[in-house]
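A.B. asks:
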Ligand SMILES: Cc1cc2nc3c(=O)[nH]c(=O)nc-3n(C[C@H](O)[C@H](O)[C@H](O)COP(=O)(O)O)c2cc1C
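Residue numbers (the working numbering): 801 to 1151.
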């Protein structure tokens, strides 16, 4: 299976399925001598874990990371870092009853068309579980970026049509939905619980802000910084769209409204979202992602089996009613991986 690696000079390859033995990542390109503990990677993994609220899956994976290579006496050695997370709470038999059915919203039908064989145990590679490996590798990238003065922050901006009216960074890790507005978070949670009671699910919008990136990072053509971020973000399951800065609202603006004028102190507005012509302009990088409502719902739905017979399906099991709070750390991890790779590319050009 191709397509399991991402990045060039700072490169990850992930492996593992939702209900197989383990998931993990091989990270190549970390410099030697970086202090790195299991605990600091674990902090990020714990943010992605399920079972933290009514919004998340009750699947109780400890997500305990093990360094198998590339770290010696608390420091990176400069060789590939293999991080592995054993699956402890896999229940593959829970999928036996629907193993021949195509679950609406899932990759079952397209996987079978692509490979002629399908691991039916909870989505296999397409599972959100694969993203634990990205978060582990992203924690290393985050540490390197912190040394560069770069800060990456994502949060739920909208859930079930309820939008955050305020932005309070301190609030994000205080509420279970990782929303940036306490009052909105309460109303969002009520909507999540209502959807759960209806055996349904909800989606929303995640916003990501990246500060501390100097002007000049990125490339002007195929490897535009916004194109690479879009690639990274759209590779996350359930992410259906991305917009930078003013985003889709730009369609209705005039040039005079959309252009970011400059004065002696820098850009007066940030409709570009911190990237122009594929290269960072020194302003905050801002983008938003559409996250679809979770596909697995307990409401009966119509589908077909692999022989084309029409059937009814009820997706029982352990699912996120709303994926957003668990996607937030994955978004941050993927942004960190892109940026660290680009910083390395820029350094290589200057060498
Ligand atoms: C962290 C995370 C957790 C997820 N949890 C679920 C889940 O519990 N149920 C579900 O139906 N989809 C879940 N997904 C989304 C599916 O993986 C995804 O929607 C599905 O594979 C189809 O791919 P697509 O939506 O990108 O087209 C999750 C995704 C992520 C990133």
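The C-beta atom is built at its ideal place from N, Cα and C for all residues, glycine as well.
Predicted, not measured: the structure shown is a model, and the values here were computed from it.
Between the Cα of residue 1004 and the Cα atoms of 1108, 998, 991, 1015, which residue gives the shortest distance?
C.D. replies: Nearest C-alpha to residue 1004: 991.
A.B. asks: Given that a residue counts as buried once 16 or more other Cβ atoms are within 10 Å of its Cβ, and exposed if not, what is residue 1162?
C.D. replies: A question about residue 1162 goes unanswered here, because the residues of the chain that appear run from 801 up to 1151.
A.B. asks: Flag this pair as touching only if the stretch 1098–1112 and the stretch 1072–1088 have three or more C-beta atom pairs under 8 Å; answer yes or no.
C.D. replies: No, because fewer than three Cβ pairs between the stretch 1098–1112 and the stretch 1072–1088 fall closer than 8 Å, the two stretches do not touch.
A.B. asks: Do three or more CB pairs link the stretch 904–923 to the stretch 826–846 at distances below 8 Å?
C.D. replies: The stretch 904–923 vs the stretch 826–846: no contact.
A.B. asks: Could you tell me whether the Cβ atoms of residue 954 and residue 1135 are closer together than 9 Å?
C.D. replies: Yes.
A.B. asks: Just to confirm, does residue 952 get its C-beta within under 8 Å of one of the non-hydrogen atoms of ligand 1?
C.D. replies: No, ligand 1 has no heavy atom inside 8 Å of this Cβ.
A.B. asks: So, do the stretch 874–884 and the stretch 926–946 have three or more beta carbon pairs nearer to each other than 8 Å?
C.D. replies: Output reads yes: the stretch 926–946 touches the stretch 874–884.
A.B. asks: Just to check, is the beta-carbon of residue 891 closer than 8 Å to a non-hydrogen atom of ligand 1?
C.D. replies: Flag unset: Cβ of residue 891 not near ligand 1.
A.B. asks: Can you give me the Cβ contacts of residue 845 inside the same chain, cut-off strictly under 7 Å, excluding the 5 residues immediately before and after it?
C.D. replies: Correct list, in chain order: 863, 865, 932, 935, 936.
A.B. asks: Let me know if residue 901 comes out buried or exposed under the rule of 16 or more other beta-carbons within 10 Å of its beta-carbon.
C.D. replies: Its Cβ being crowded by 16 or more others within 10 Å, residue 901 is buried.
A.B. asks: Any heavy atom of ligand 1 closer than 8 Å to the CB of residue 1037?
C.D. replies: Yes; taking the cut-off as 8 Å, the Cβ of residue 1037 has a heavy atom of ligand 1 nearer than that.
A.B. asks: According to DSSP, simplified to helix, strand and coil, what is residue 882?
C.D. replies: Looking at residue 882 - three-state DSSP - the assignment turns out to be strand.
A.B. asks: Would you kindly check if the distance between the Cβ of residue 815 and the Cβ of residue 825 is under 9 Å?
C.D. replies: Contact: yes.
A.B. asks: Please list the segments of the alpha helix (DSSP H) lying wholly inside the stretch 960–1047, counting only runs of 4 or more residues, in order along the chain.
C.D. replies: 982–997, 1025–1034, all fully within the stretch 960–1047.
A.B. asks: As an exercise, report each continuous alpha helix (DSSP H) stretch of at least 4 residues that is fully enclosed by the stretch 834–861, in chain order.
C.D. replies: List check, alpha helix (DSSP H) in window: 838–848.
A.B. asks: Give me the residue from 1011, 879, 1035 with the minimum Cα distance to residue 803.
C.D. replies: Selected option, being the one with the closest Cα: 1035.
A.B. asks: With burial defined as no fewer than 16 other Cβ atoms inside 10 Å of the residue's Cβ, what is the status of residue 1100: buried or exposed?
C.D. replies: Per the 10 Å Cβ criterion, exposed.
A.B. asks: Do you know how far the Cα of residue 1038 is from the Cα of residue 905?
C.D. replies: Those two C-alpha atoms are separated by around 9 Å.
A.B. asks: Mind checking which residues open and close the alpha helix (DSSP H) that includes residue 1127?
C.D. replies: Looking at the DSSP string, the run of the alpha helix (DSSP H) that includes residue 1127 is 1124–1150.
A.B. asks: Would you check if the distance between the CB atom of residue 971 and the CB atom of residue 960 is smaller than 9 Å?
C.D. replies: No, these two residues do not count as a Cβ contact at 9 Å.
A.B. asks: In whole angstroms, what is the alpha-carbon distance linking residue 878 and residue 924?
C.D. replies: Approximately 31 Å, taken between the alpha carbons.
A.B. asks: Quick check: residue 1132 and residue 1114, are their CB atoms within less than 9 Å of each other?
C.D. replies: No, Cβ-Cβ distance for residue 1132 and residue 1114 is not below 9 Å.
A.B. asks: Per the DSSP calculation, residue 866 is bridged to which residue(s)?
C.D. replies: Bridge partners of residue 866: 884.
A.B. asks: Taking Cβ positions, are residue 1119 and residue 876 nearer each other than 9 Å?
C.D. replies: Their beta carbons are not under 9 Å apart, which means residue 1119 does not touch residue 876 by this criterion.
A.B. asks: State the Cα-Cα distance for the pair residue 749 and residue 996, rounded to the nearest angstrom.
C.D. replies: Nothing about residue 749 can be reported from this structure: the residues present for the chain run from 801 to 1151 only.
A.B. asks: If you drop the 5 nearest sequence neighbours on each side, which residues of the same chain put their C-beta closer than 7 Å to that of residue 1140?
C.D. replies: Hits under 7 Å: 810, 941, 944, 945.
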